[in-house]
Amino acid sequence: MKDGGPTPPSRGADAARGAAPRFSLLDVTLTGIRLEEAVSRIIGFRDSGERGYVCVFAVDSLLKCHDDPRLAAISRASAMTLCDGMPLVLAGRLFGKLDVTRCYGPDVMLGVSDAGRATGLRHYFYGGADEDTLSRLRANLARRFPGLADVGGEVPPFHPLSEAERAETAARINAARPDVVWVGIGTPKQDFWVSEMRPLLDAPVLVAVGAAFNFHAGKVPQAPLWMRRHCLEWLYRLCVEPRRLWRRYLVGNPRFVFLALRQLLTRRPAPLGSPA
178 MKDGGPTPPS
188 RGADAARGAA
198 PRFSLLDVTL
208 TGIRLEEAVS
218 RIIGFRDSGE
228 RGYVCVFAVD
238 SLLKCHDDPR
248 LAAISRASAM
258 TLCDGMPLVL
268 AGRLFGKLDV
278 TRCYGPDVML
288 GVSDAGRATG
298 LRHYFYGGAD
308 EDTLSRLRAN
318 LARRFPGLAD
328 VGGEVPPFHP
338 LSEAERAETA
348 ARINAARPDV
358 VWVGIGTPKQ
368 DFWVSEMRPL
378 LDAPVLVAVG
388 AAFNFHAGKV
398 PQAPLWMRRH
408 CLEWLYRLCV
418 EPRRLWRRYL
428 VGNPRFVFLA
438 LRQLLTRRPA
448 PLGSPA
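Going from the sequence shown to our numbering is simple: count from 1 and add 177.
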């Protein structure tokens, strides 16, 4: 990321049809919209002339923003920072008074993949733990959505990209001429990536969707729908991957509740639910 901070996206599309409403939660201004509107706005980047990136945040992402001002700045400079977790959705409804639904990363990917077929939306996939994960993801999406315009994909190295590697990556992606670049390399790495790569890429929109790659590749099972709807997905994921996720949920969730209540009572860093 450059010394001046993340590059704010062009606001052409928002100016044309109204900016998506946002609300304050901890150090982040989240986008308070329904899933179907998020899908429509992502597809609309291609024809609007806007260039931006989209973050998809759950509770853990907000805590990372609270601990790292650089990540908080990236979220605020996004075209949208969508609510992936039900606690965020409930905060938007209760305190922001917004008509917001959960914009779950895997559902965002499915919605855009499906609806984008009507206009030939072109997709590039950057992420996955290995080639098998990426290949399965692309094959499963192609099988589920016949006619999907998949124009390429790659598994990035695990080390931070050098300047030369960033330029080479940008050249490969630009050569494929995608409309949407899906990024699945984990939070917060993927959020730094979309901010750093935004000035180098011609694609209208970059979308950081994290675990969607593993879920749609069939590598990690998703929680049942009823658990996702009732704020219990964290429990399911904790049972599936306890060694990796115990700290995120058993330490992070109580910390989030404490910080959110503190913001509600003190109105700092902003009144809970207020516009950005």
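Backbone N, C-alpha and C define an ideal beta-carbon position, used for all residues, glycine too.
Around the beta-carbon of residue 435, fewer than 16 other beta-carbon atoms lie within 10 Å, marking it exposed.
Note on geometry: alpha-carbon atoms of residue 284 and residue 261 lie some 10 Å from one another. Annotated three-state conformation of residue 326 is strand, per DSSP. Residues of the same chain with a CB within less than 7 Å of the CB of residue 351, apart from the 5 flanking positions on each side, are 378, 379 in chain order. DSSP places residue 206 inside the beta strand (DSSP E), whose first and last residues are 205 to 208.
Counting the other Cβ atoms within 10 Å of the Cβ of residue 372 gives 16 or more, which makes it buried. Taking 8 Å as the upper bound for CB-CB distance, residue 383 and residue 358 are in contact here, some 5 Å apart. Here residue 220 really is in contact with residue 292; their C-beta atoms are around 6 Å apart, less than 8 Å. The beta strand (DSSP E) runs lying completely inside the segment 238 to 264 and spanning 3 residues or more are 257 to 260, given in chain order. Excluding its 5 nearest sequence neighbours in each direction, residue 451 has C-beta neighbours in its own chain below 6 Å: 201, listed in chain order.
Going by beta carbons, residue 282 and residue 275 fall outside the 8 Å limit. Taken through DSSP and simplified to helix, strand or coil, residue 199 comes out as strand.
For residue 392, same chain residues with a beta-carbon under 6 Å away, outside a window of 5 residues either side, are 283, 399 in chain order. Between residue 290 and residue 259, the beta carbon gap of about 16 Å keeps them out of contact (Cβ cut-off 8 Å). Residue 280 places its beta carbon 8 Å or farther from that of residue 197.
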